[in-house]
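Read the structure below first, then the notes.
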Amino acid sequence: MSIDCNPYKADFPLLVGNPGLAYLDSAATAQRPTCVLDAQRRFYETMNANPLRGLYSLSVAATDAIADARAHVARFIGAPSADEVVFCRNASEALNIAARCLGDTLLSEGDEVAITVMEHHSNLIPWQQACRRAGAKLVYLRPDEHGHITSAEIAEKVGPRTKVVSCCHVSNVLGSVQPIRELARAAHANGATFVVDAAQSAPHMAIDVSELGCDLLALSAHKLMGPMGVGVLWGRRDLLDSLPPFLTGGEMIDSVTETDATWAPVPEKFEAGTQDAAGIYAFGAALDYLEGVGLDAVEARERELVDLLMDGLATLPFVDIVGSPDASDHVGVVSFNVEGIHPHDVASILDADHVAIRAGHHCAQPLLTWMGIQSCCRASVAFYNDANDVDALIRGLAHVWEVFHGND
Amino acid sequence: MATTSGGGVYSPALLEHVSNPDYHVHLDDATCTHEGVNPSCGDDLTISYSLAPDGTIADAAWEGTGCAVSQGSADMMCDLVIGRTPAEAARLARLFGRMVRGEETDADALAELDEASCLESISHMPARVKCAELAWRTLAEMAGTPTDDDGAPTAGEGTLADEKGTNGGSPAAPRG
């Protein structure tokens, strides 16, 4: 389907309600299709009860809604069992569970945790703090000029002292895909646990945890057109079984006495308190929708959009791409700067022209500092964008330049 | 191309202050110097002023990095406060703060801000209020009167040499 034609926009009420809006910030959060909004409402209208607790049929319906969504997530990421899918609030919380529980179990003084300098703060600060608590060392892998971690970098930084390797699948700033299988092999060859932050990749490509070779993987529902406030931590069953709980309280116990408690099996061990059942149910609807569109179609369409975006930016001599100059190195995300104009000014002027992009440090301050820039602009696409959205951005950037420099 | 109030902030007056700032200099004989930062934006401004024998601001200047809104706003502020006492300057800084937060819209009241009143439309861009406010907030801190304080000014001569003020916590500010 050509990117000049857009059969998808009609599925998204916000885009229908704002026909002039070029929404190019899906890497921050996707828009939601009608079926997801309907599912959220349907849960409260037809199956609202507290899941897991009640013995009456309504509570069973709510429990089933979560179980179905859990099984769906497992299928979506190629997990062998739905019990390996832990629901939490967001990818940040999933990565906090990983860092806290692995950190408390695995890390001691002198150990190392290897992450990349590209990590979103949510896959950086939890490890930074875990290392600080344990007296372990946080080691940073740094990308080449195309935004990729090289084999040489892996060989140099992942070694016998490495206890955990944690890496983004796709960088939220550079858009580059990381060599996940190679990192998995290096981690496992050294006896380390391998964690993948798939928040930025899952909306754009098929994910299969056994193919990736990871031990833990974090996802965010709202980047996959699901509701905000739902995240996923997937983990190998034996690993999840061996980890201590993260939050404690209701629903995560087996039995409790005045002085002690034993834990429920996974996934409930990691799901203290009432879950966002409606959100989880609606996340299942989002996966239905995404599978209906087809990840192959999503990938092909977004490839075309990124190519068009990179071509358009190349026509603007005052725009510098942050990251690889090759469109093929960008998955869904293109970051850039306008020479001499602060990204916040760029974003404000684009906003006045109804073009929504992100500007700032993109929750990746160490990356930007390492690259020697304070902040940058980021345009990100989803399959529901079209050529008009990209054109609006390119015209808008010409306008930004005109505002500051007139027509020279 | 259609522009809303957001685009209107980038007026010729603001852009003239950005491209040809009058007060973007280092003040060697500063009586008082204070740094203000917006951690979430990376705006970093140092405001300085020197006092004349009669206690009024003889010269004012800003240094630092940031967006056009924070820099243009700082330049306009320096222009406005020269010849006034620190207490008056702090009062104007509070007025500016109320303007960009949309709490003061009376044109007669805002006329006192002279050219800086052209930044009123920032009040429709909540994410940029912190940028516009940074210089003014820093100045008010120098004089010991935070811009949030709507009470009577208690400004005296600033004694905060090279201290750092941080504008944190605005719920509308972009974060990462």
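Quick mapping for you: the protein sequence lines, in order, are chains A and B. Per this note's numbering, the very first residue in the first sequence carries number 1; after that it's consecutive. Per this note's numbering, the very first residue in the second sequence carries number 1; after that it's consecutive. Cβ atoms here follow ideal geometry from the backbone N, Cα and C, with glycine treated the same way.
- Scanning A:Asn190, A:Ile115, A:Pro126 and A:Ala71 for the CA closest to the CA of Asp104 (chain A) turns up A:Pro126.
- The segment 43-59 of chain B makes no contact with the segment 375-392 of chain A, as fewer than three CB pairs between them are under 8 Å.
- The C-beta of Thr138 (chain B) comes no closer than 9 Å to any C-beta of chain A.
- For the segment 176-204 of chain A, the full-length alpha helix (DSSP H) segments reaching 4 residues or more read 180-189 along the chain.
- Residue contact with chain B for Ala352 (chain A): present (Cβ-Cβ distance below 9 Å to some residue of chain B).
- When DSSP reads this structure, Arg237 (chain A) sits in no beta bridge, so it has no partner.
- For the C-beta of Asp345 (chain A), the chain B residues within less than 8 Å are, from N- to C-terminus, Tyr10, Cys67, Ala68 and Val69.
- Taking a Cβ-Cβ threshold of 8 Å, the residues of chain B close to Gln374 (chain A) are Gly42 and Thr65, in chain order.
- If one requires a minimum length of 3 residues, the beta strand (DSSP E) runs lying completely within the segment 42-98 of chain A are 85-88, in chain order.
- Residue contact check for Leu15 (chain B) against chain A: a CB pair falls below 9 Å.
- Assignment of beta strand (DSSP E) within the segment 37-67 of chain B, counting only whole runs of 3 or more residues, yields 43-51 and 57-65 in chain order.
- Going by C-alpha positions, Pro143 (chain A) is about 10 Å away from Ser171 (chain A).
- Taken through DSSP and simplified to helix, strand or coil, Cys101 (chain A) comes out as helix.
- Counting along the chain, Leu219 (chain A) sits inside the beta strand (DSSP E) bounded by residues Leu216 to Ser220.
- Shown here is that no member of the segment 72-101 of chain B has a Cβ falling below 9 Å from a Cβ of chain A.
- Among the residues of chain B, none has a CB under 8 Å from the CB of Ser380 (chain A); the nearest is roughly 14 Å distant.
- Residue environment analysis places Val355 (chain A) among the buried positions, since at least 16 neighbouring C-beta atoms fall within 10 angstroms of its C-beta.
- Contact between Ala74 (chain A) and Ala61 (chain A) does not hold, since the beta-carbon distance rounds to 20 Å and is not under 8 Å.
- Chain-ordered, the chain A residues with CB closer than 8 Å to the CB of Cys131 (chain B) read His344.
- Proximity of chain A to Met125 (chain B) at the Cβ level (cut-off 7 Å) is accounted for by Ser348, in chain order.
- The straight-line gap separating the alpha-carbon atoms of Leu15 (chain A) and Ala297 (chain A) is approximately 20 Å.
- Rounded to the nearest angstrom, the gap between the Cα atoms of Glu119 (chain A) and Tyr281 (chain A) is 29 Å.
- Collapsing the DSSP output to three states places Val338 (chain A) in a strand.
- Among the residues of chain B, none has a CB under 7 Å from the CB of Val117 (chain A); the nearest is roughly 15 Å distant.
- Think of a sphere of 9 Å around the beta carbon of Phe404 (chain A): the chain B residues whose beta carbon falls inside it are Tyr10, Leu15, Val18, Ser19 and Ala68, in chain order.
- Proximity of the segment 358-378 of chain A to the segment 166-183 of chain A meets the contact definition, three or more beta-carbon pairs being nearer than 8 Å.
- In terms of Cβ geometry, Leu24 (chain A) and Asn385 (chain A) form a close pair [threshold 9 Å].
- Across the set A:Leu52, A:Asp215 and A:Pro7, the C-alpha of A:Asp215 shows the shortest separation from the C-alpha of Pro80 (chain A).
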